[in-house]
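Chains as they are written, first to last, in this note's numbering: chain A, 1 to 242; chain B, 243 to 418; chain C, 419 to 594.
No residue lacks a Cβ here, since even glycine has one placed at the ideal position from N, Cα and C.
Inspection log for the structure reproduced underneath, given as structure tokens.
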Amino acid sequence: MGYEIKLDIFEGPLDLLLYLIRKNEIDIYNIPIALITEQYLSYLDMMRSLNLDLAGEYLVLASTLIHIKSKLLLPPAEGEGEEEEGEDPRAELVQQLLEYQAFKEAALSLGERPLLERDVFTRGAASEEEQTTAGEADDALIEVDIFELVTAFRRIIAGLDRKEDLEIDTEKMSLADRINEIMERLSEEGQITFSDLLGDRADRRRIIYTFLAILELMKLRMVRAYQSGPFGAIRLFPAVEG
Amino acid sequence: MEEKIAIIEALLFASESPLTVERIVETLSDTEKKEIVSLLEGLIREYDTRGGGICLREVAGGFQFRTRTDLSPWVRKLKAGRPALLSTPALETLAVVAYRQPLVKAEIDRIRGVDASGALKGLLEKKLVRIVGRKDVPGKPIIYGTTRKFLEVFNLKDLSELPTLRELKDLQEQQE
Amino acid sequence: MEEKIAIIEALLFASESPLTVERIVETLSDTEKKEIVSLLEGLIREYDTRGGGICLREVAGGFQFRTRTDLSPWVRKLKAGRPALLSTPALETLAVVAYRQPLVKAEIDRIRGVDASGALKGLLEKKLVRIVGRKDVPGKPIIYGTTRKFLEVFNLKDLSELPTLRELKDLQEQQE
Numbered sequence: 001m002g003y004e005i006k007l008d009i010f011e012g013p014l015d016l017l018l019y020l021i022r023k024n025e026i027d028i029y030n031i032p033i034a035l036i037t038e039q040y041l042s043y044l045d046m047m048r049s050l051n052l053d054l055a056g057e058y059l060v061l062a063s064t065l066i067h068i069k070s071k072l073l074l075p076p077a078e079g080e081g082e083e084e085e086g087e088d089p090r091a092e093l094v095q096q097l098l099e100y101q102a103f104k105e106a107a108l109s110l111g112e113r114p115l116l117e118r119d120v121f122t123r124g125a126a127s128e129e130e131q132t133t134a135g136e137a138d139d140a141l142i143e144v145d146i147f148e149l150v151t152a153f154r155r156i157i158a159g160l161d162r163k164e165d166l167e168i169d170t171e172k173m174s175l176a177d178r179i180n181e182i183m184e185r186l187s188e189e190g191q192i193t194f195s196d197l198l199g200d201r202a203d204r205r206r207i208i209y210t211f212l213a214i215l216e217l218m219k220l221r222m223v224r225a226y227q228s229g230p231f232g233a234i235r236l237f238p239a240v241e242g
Numbered sequence: 243m244e245e246k247i248a249i250i251e252a253l254l255f256a257s258e259s260p261l262t263v264e265r266i267v268e269t270l271s272d273t274e275k276k277e278i279v280s281l282l283e284g285l286i287r288e289y290d291t292r293g294g295g296i297c298l299r300e301v302a303g304g305f306q307f308r309t310r311t312d313l314s315p316w317v318r319k320l321k322a323g324r325p326a327l328l329s330t331p332a333l334e335t336l337a338v339v340a341y342r343q344p345l346v347k348a349e350i351d352r353i354r355g356v357d358a359s360g361a362l363k364g365l366l367e368k369k370l371v372r373i374v375g376r377k378d379v380p381g382k383p384i385i386y387g388t389t390r391k392f393l394e395v396f397n398l399k400d401l402s403e404l405p406t407l408r409e410l411k412d413l414q415e416q417q418e
Numbered sequence: 419m420e421e422k423i424a425i426i427e428a429l430l431f432a433s434e435s436p437l438t439v440e441r442i443v444e445t446l447s448d449t450e451k452k453e454i455v456s457l458l459e460g461l462i463r464e465y466d467t468r469g470g471g472i473c474l475r476e477v478a479g480g481f482q483f484r485t486r487t488d489l490s491p492w493v494r495k496l497k498a499g500r501p502a503l504l505s506t507p508a509l510e511t512l513a514v515v516a517y518r519q520p521l522v523k524a525e526i527d528r529i530r531g532v533d534a535s536g537a538l539k540g541l542l543e544k545k546l547v548r549i550v551g552r553k554d555v556p557g558k559p560i561i562y563g564t565t566r567k568f569l570e571v572f573n574l575k576d577l578s579e580l581p582t583l584r585e586l587k588d589l590q591e592q593q594e
């Protein structure tokens with residue numbers, strides 16, 4: 001049996017299962033579960049004895065296989081009479097295997113396309129114009145990915161004290177949103193009432209964050225709030241000229 | 243040669259990413275889109291007929307000069323670098339994202355039967371996959387999709403050019 | 419076209435710097451320098467006669483394809499509208515503002531460990547960051563926050579959609 005060398009090429013439990021199905025020339029719609037389970041488990045044993053890292057997913061599939069096997073062994077339950085055959089316990093697994101197989105093939109055909117920097121190459125040198133004109137017009141579009149932004153933030157935070165490494169909580173971000181919105185509107189309109197700020201979309205979350213934002217802005221002494229008597233409209237003014 | 247073709251050729255050559263017809267229209271300003279498309283088609287034919295080392299191709303929604311595929315051994319030899327290969331997990335993850343986008347990581351994990359975190363991060367770093375947004379369900383999981391660079395690297399005009407697989411179609415029919 | 423010329427053309431095109439005859443000799447290995455020089459001269463003539471947007475020129479001790487000099491106004495026009503990339507300092511400053519807003523410059527400086535004035539100015543010009551107000555404390559420092567354009571550029575509905583550090587860490591850990 002020359003399969004030792006192939007061990008590390010399995011991409012996961014589904015991949016191993018597909019390999020066994022292919023190796024035994026089995027019809028995927030009619031998997032002999034007992035045989036496949038036995039082979040699957042002996043592969044896991046082998047991987048373990050070779051000290052290969054066994055991802056938890058391999059064990060999950062092992063238990064799924066054993067579960068299906070036991071279901072197939074059970075006599076059909078009463079009432080689930082002969083006329084109506086219960087669903088094949090293998091159906092879900094087959095579905096999953098077919099789906100995975102399809103994507104595996106898709107991956108292969110992607111890999112076979114003429115790939116940039118492997119099969120085709122674009123112009124290697126930067127053009128003269130690129131080097132001379134930095135071309136950073138003010139209103140130019142900006143091409144950055146949100147992933148780069150988080151990565152940048154993480155990089156900076158990594159160099160700081162541990163206490164800086166706080167989880168970014170989304171509540172603070174919602175608050176920042178409201179603060180931005182309030183300051184934007186104040187600079188446009190000069191003054192604004194609490195209910196103007198809520199607008200038509202006055203859900204609970206929005207009311208709370210708008211209120212918290214105003215408190216925060218007052219604490220920063222960026223806005224002043226006035227109320228025209230009890231139950232009157234709360235009116236906000238910028239505390240200083242922007 | 244007509245001056246307009248020369249200009250278009252210079253623009254294509256100078257652009258660092260596939261050049262869209264729209265950008266050419268903006269830059270030339272006095273030429274209709276239809277005319278530019280037909281000039282581009284003419285250029286593609288001209289380079290193909292000539293059989294030189296360069297050809298013009300439509301990729302990622304634009305046009306770009308590229309080296310002829312069959313000459314890649316020579317170019318690789320010159321560049322003396324190993325081709326930037328994607329690992330099998332990366333390629334599988336990319337295939338799932340490409341065909342099922344927009345989707346969340348849990349869906350990728352489910353289809354591949356293993357955790358896709360590592361592969362996904364590599365693809366994000368290579369800019370083949372990007373964060374599209376968040377799903378409006380509890381936990382607001384991040385939604386992923388492919389990038390324009392994905393189209394460039396895999397020589398695709400657009401996503402509809404991805405080959406449809408029979409198995410995939412069968413599955414979708416079964417699911418419905 | 420002779421295959422050798424096609425190969426040389428692909429090499430010239432893909433090379434990052436002007437390609438010397440010596441490098442071509444090394445790469446082709448079975449062709450004499452003299453022959454390559456004459457093929458290169460032939461290519462220069464061919465492109466010049468064709469009068470397209472590209473020409474082959476001898477520069478810095480090597481050969482390189484370039485856009486025709488008289489077409490540079492068009493190329494410059496194209497480049498003027500190209501997407502600008504953010505420099506690393508700009509990106510880092512933007513990240514700090516995005517995650518820690520509203521905040522004053524002193525706080526950005528402290529977190530990044532360098533003076534953020536330049537980067538901040540650039541971000542203000544690009545309208546990614548704006549002045550939210552002034553803190554009513556001695557010196558009245560300016561308070562910064564991100565703009566609506568920032569959300570648009572990064573395709574976010576609101577700031578709470580910014581990926582958290584934990585989400586990034588989850589992606590990272592699997593690889594290690």
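My output table needs one value for residue i: the three-state DSSP class, helix, strand or coil.
i: Gln-96(A); result: helix
i: Leu-225(A); result: Residue identity check: residue 225(A) is Ala in the sequence provided, not Leu. Looking at Ala-225(A) - three-state DSSP - the assignment turns out to be strand.
i: Tyr-29(A); result: coil
i: Leu-345(B); result: strand
i: Glu-189(A); result: helix
i: Arg-372(B); result: strand
i: Thr-133(A); result: Since pLDDT at Thr-133(A) reaches only 41, below the 50 mark, its modelled position is unreliable, and no value is offered.
i: Tyr-3(A); result: Summary for Tyr-3(A): the model assigns pLDDT 41, below 50, so the residue's position carries little reliability, and this model does not support an answer.
i: Val-532(C); result: coil
i: Leu-149(A); result: helix
i: Leu-116(A); result: strand
i: Leu-261(B); result: strand
i: Ser-195(A); result: helix
i: Met-218(A); result: helix
i: Thr-269(B); result: helix
i: Asp-177(A); result: helix
i: Lys-451(C); result: helix
i: Ile-425(C); result: helix
i: Arg-123(A); result: coil
Is there a Cβ from chain E that is less than 9 Å from the Cβ of residue i?
i: Val-493(C); result: Considering every chain present, this structure includes no chain E. Its protein chains are A, B and C.
Within this structure, are the beta carbons of residue i and residue j separated by less than 9 Å?
i: Val-547(C); j: Leu-504(C); result: no
i: Leu-261(B); j: Gly-304(B); result: yes
i: Met-123(A); j: Phe-396(B); result: One point to set straight first is that residue 123(A) is Arg, not Met, in the sequence displayed. Their beta carbons are not under 9 Å apart, which means Arg-123(A) does not touch Phe-396(B) by this criterion.
i: Val-346(B); j: Ile-384(B); result: yes
i: Glu-510(C); j: Arg-155(A); result: yes
i: Ile-150(A); j: Pro-581(C); result: Correcting the residue identity first, residue 150(A) is Val in this sequence and not Ile. Closer than 9 Å, so yes.
i: Phe-147(A); j: Tyr-517(C); result: no
i: Ile-353(B); j: Phe-103(A); result: yes
i: Gly-159(A); j: Gly-536(C); result: no
i: Phe-307(B); j: Leu-254(B); result: yes
i: Leu-16(A); j: Tyr-40(A); result: yes
i: Val-120(A); j: Ser-259(B); result: no
i: Ile-68(A); j: Leu-93(A); result: yes
i: Ala-239(A); j: Asp-533(C); result: no
i: Leu-175(A); j: Ala-213(A); result: yes
i: Gly-12(A); j: Tyr-58(A); result: yes
i: Leu-282(B); j: Val-263(B); result: yes
For my contact list, residue i and residue j are in at a C-beta cut-off of 8 Å; report their separation, rounded to the angstrom.
i: Trp-316(B); j: Ile-423(C); result: Trp-316(B) to Ile-423(C), Cβ: 12 Å. No contact.
i: Leu-366(B); j: Ala-332(B); result: That belief does not hold up - the Cβ atoms of Leu-366(B) and Ala-332(B) are roughly 11 Å apart, past 8 Å.
i: Leu-398(B); j: Ala-302(B); result: 7 Å
i: Asp-177(A); j: Leu-577(C); result: 5 Å
i: Met-237(A); j: Arg-221(A); result: With the sequence shown as reference, residue 237(A) is identified as Phe, and Met is not the correct amino acid for it. With a Cβ gap of about 12 Å, Phe-237(A) and Arg-221(A) do not count as contacting.
i: Leu-217(A); j: Leu-97(A); result: With a Cβ gap of about 57 Å, Leu-217(A) and Leu-97(A) do not count as contacting.
i: Leu-589(C); j: Lys-363(B); result: 4 Å
i: Ile-21(A); j: Ile-28(A); result: 6 Å
Residue i bridges to which residues according to DSSP?
i: Phe-237(A); result: Arg-224(A)
i: Ile-384(B); result: Arg-376(B)
i: Phe-483(C); result: Leu-474(C)
Name, going along the chain, the residues of the region 94-112 of chain A whose beta-carbon falls closer than 7 Å to a beta-carbon of chain B.
-> Leu-98, Glu-99, Tyr-100, Gln-101, Ala-102, Phe-103, Lys-104, Glu-105, Ala-106, Ala-107, Ser-109, Leu-110, Gly-111
Which residues, in order along the region 328-345 of chain B, keep a beta-carbon less than 8 Å from a beta-carbon of chain A?
-> Leu-328, Thr-330, Pro-331, Leu-333, Glu-334, Leu-336, Ala-337, Val-338, Ala-340, Tyr-341
Closer than 8 Å, Cβ to any Cβ of chain C: which residues of the region 374-390 of chain B, in chain order?
-> Val-374, Gly-375, Arg-376, Lys-382, Ile-384
Interfacial residues, the region 426-445 of chain C to chain B, with Cβ spacing under 9 Å = Ile-426, Glu-427, Ala-428, Leu-429, Leu-430, Phe-431, Ala-432, Ser-433, Glu-434, Leu-437, Arg-441, Ile-442, Glu-444, Thr-445
Any residues in the region 53-75 of chain A with a beta carbon nearer than 8 Å to a beta carbon of chain B? Which ones, in chain order?
-> Ala-55, Glu-57, Leu-61
Scan the region 574-590 of chain C for residues whose Cβ lies nearer than 9 Å to a Cβ of chain B and list them as they occur along the chain.
-> Leu-574, Lys-575, Ser-578, Glu-579, Pro-581, Glu-585, Leu-586, Asp-588, Leu-589, Gln-590
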